[in-house]
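Heads up: the sequence shown is residues 8 to 364, going by our numbering.
Glycine included, each C-beta is placed from N, C-alpha and C at the ideal position.
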Amino acid sequence: MAEAGYVAPHWPPPWGLDADPITQLVIDEELRRAGVARPVNPIGIGWAGPTILHAGTQAQKDRYLMPLLAGEEFWCQLFSEPGAGSDLANLSTRAVRDGDVYIVNGQKIWTSFGHMAKFGILIARTDPDAPKHAGISYFICPMDLPGIDIRPITDMTGVQMFNEVFFDEVRLAADNLVGEEYKGWALAKVTLANERVSLSGGGALWGNGPTATDLLALVKRRGGINDPQLRQRAAQVYIDDEILRLIRLRTVTAAIQGRPPGPEASVRKALADQHGQHIMGLAKDLAGTAGLLAGAGPLGESDPTWNSGYLFSRVLTVGGGTSEVQRNIIAERVLGLPHDLDVEAGLSWTEAKVEAR
Ligand SMILES: Cc1cc2nc3c(=O)[nH]c(=O)nc-3n(C[C@H](O)[C@H](O)[C@H](O)COP(=O)(O)OP(=O)(O)OC[C@H]3O[C@@H](n4cnc5c(N)ncnc54)[C@H](O)[C@@H]3O)c2cc1C
8 MAEAGYVAPH WPPPWGLDAD PITQLVIDEE LRRAGVARPV NPIGIGWAGP TILHAGTQAQ
68 KDRYLMPLLA GEEFWCQLFS EPGAGSDLAN LSTRAVRDGD VYIVNGQKIW TSFGHMAKFG
128 ILIARTDPDA PKHAGISYFI CPMDLPGIDI RPITDMTGVQ MFNEVFFDEV RLAADNLVGE
188 EYKGWALAKV TLANERVSLS GGGALWGNGP TATDLLALVK RRGGINDPQL RQRAAQVYID
248 DEILRLIRLR TVTAAIQGRP PGPEASVRKA LADQHGQHIM GLAKDLAGTA GLLAGAGPLG
308 ESDPTWNSGY LFSRVLTVGG GTSEVQRNII AERVLGLPHD LDVEAGLSWT EAKVEAR
């Protein structure tokens, strides 16, 4: 699939097909019809690859892009730190040039799949004296370098998805710098802005897991809902699902017409994250007292998907830009309300994403 250009058809050859939005949708549709799934490598294909394409050297493109598309080499993202989340540019991990290596010291956190990844995209401070956005550089980091300590964090679903990653005098080859030194913040924005055109909203948990339609089909099978409050919540879940579908169509239409996405993306994320929580919360409450059991589905049947989905759904309004930050953006950039953030001090993660668009 990677060699045929079907994994990321919008990339240029030889990795993609330079596909326009309509061709992308046709390829998606055909793959779905044939029951063919793309390789799973979300950070590699979604974020690292586009940034390497944009700013990497020819040697970096030749080395990393094809194995990444084929899912042969898995990637993670080393951006967030204990003191740098919403205010990502506040990061303090240091990379100091020493001949043909950088010496990296510091700590990252919430590194999804860090324990499974072969490479990570890393942003680190190379000039501590520059204004905070100006002193950051962007690297490709092999995860098996001496001095990297990956410590698992088990989340409340019981799964170890993310990690703390410590860097202790890690010697990172200078060849692994992507783009120019000190220009890492601009590249981080390229990373965050890169999204494929897709008609499918997928599951309610960031594209995975069950959807509102799945839950409402179960409700129908159960013969409806008598409790008026639960019934109202089911109606609201249906309405929100429909609104999200229409917003998605607007975004796709804009892409097909070559227009920039506009504020829909921020509105969609703010709505979709809460929507996921509402679906999972409703599924729990439909189960009644049986919902206290980890294995019970919305009809009291045995189905652990909904319980783990309910627990996982808490992260939706945090990861990739929190709901509060999304609302700040909508308030300021869509509604024209006064600034809440200290913009002089730096753009937040999500703001950077919007700005990049
Ligand atoms: C499931 C999951 C996977 C993740 N995977 C990765 C990964 O692979 N790599 C990676 O680098 N990071 C990852 N993250 C981290 C994620 O990007 C951060 O959690 C996110 O950016 C928020 O940062 P924070 O957790 O430091 O919270 P903080 O920024 O400290 O926010 C704490 C609270 O303060 C609020 N707040 C902050 N600033 C403002 C403001 N200006 N106005 C109003 N309220 C504000 C927030 O909304 C939040 O409620 C992941 C997170 C999750 C949940």
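Taking the Cα of cysteine 148 as reference, the smallest distance to any Cα among Trp117, Gln167, Ala181 and Thr164 is reached at Ala181. In the DSSP assignment, glutamine 264 falls outside any beta strand (DSSP E), carrying neither H nor E. When DSSP assignments are scanned along the stretch 19 to 61, the uninterrupted stretches of alpha helix (DSSP H) that are 4 or more residues long and fall wholly within it turn out to be 28 to 40. For the options Asn314, Thr100 and Asn170, the alpha carbon positioned closest to that of glycine 302 is the one of Asn314.
Where valine 108 is concerned, the enclosing beta strand (DSSP E) starts and stops at 108 to 115.
Serine 144 carries a strand assignment under DSSP once its states are collapsed to helix, strand and coil. Lysine 125 has no beta-bridge partner at all, per DSSP. Within 7 angstroms of the C-beta of glutamine 114 there is not a single heavy atom belonging to ligand 1. Annotation: leucine 60 to threonine 30 spans about 20 angstroms, alpha carbon to alpha carbon. At a cut-off of 7 angstroms, the beta-carbon of asparagine 335 counts as near ligand 1: some heavy atom of the ligand is closer than that.
In its chain, beyond the 5 residues on either side, Leu212, Gly283, Gln284 and Met287 have a beta carbon closer than 7 angstroms to the beta carbon of serine 320. Its Cα nearest to that of serine 119, the residue Ile160 stands out among Ile160, Asp105, Glu249 and Leu278.
Taking 8 angstroms as the cut-off, the beta carbon of phenylalanine 174 is found no closer than this to the beta carbon of lysine 125. Annotation for glycine 304 indicates a beta carbon at 7 angstroms or more from all heavy atoms of ligand 1. For aspartate 156, the enclosing beta strand (DSSP E) stretches over residues 155 to 160.
Proline 21 and glycine 56 have their C-alpha atoms some 13 angstroms from each other.
The closest CA to that of glutamate 331, considering only Leu72, Ser93 and Glu37, is found on Ser93.
About 4 angstroms separates the beta carbon of glycine 127 from that of leucine 85, a gap short enough to meet the 8 angstroms contact definition. Segment contact: the stretch 163 to 174 against the stretch 104 to 124, three or more CB-CB distances shorter than 8 angstroms; contact assigned. Taking alanine 241 as reference, the option from Tyr189, Ala290 and Gly328 with the minimal CA-CA separation is Ala290. In the three-state reduction of the DSSP assignment, valine 103 falls in the strand class. With respect to the C-alpha of valine 177, the residue from Ile157, Tyr317, Gln65 and Gly209 having the closest C-alpha is Ile157.
Excluding the 5 residues flanking it on each side, proline 19 has same chain C-beta neighbours closer than 6 angstroms at Asp25, in chain order. Threonine 133 and threonine 220 have their alpha carbons spaced roughly 48 angstroms apart. With contact defined as three or more Cβ pairs closer than 8 angstroms, the stretch 182 to 196 and the stretch 133 to 145 are in contact. Non-local beta-carbon contacts of isoleucine 254 in its own chain, meaning distances under 6 angstroms to residues more than five positions away in sequence, involve Glu271 and Arg275 in chain order.
Within the stretch 250 to 327, the complete alpha helix (DSSP H) segments at least 4 residues long are 271 to 293 and 311 to 319, listed from N- to C-terminus.
Listed in chain order, the non-local C-beta contacts of tyrosine 317 below 6 angstroms within the same chain comprise Met287 and Lys291, local neighbours out to five positions each way being set aside.
No heavy atom of ligand 1 is found nearer than 7 angstroms to the CB of glutamine 281.
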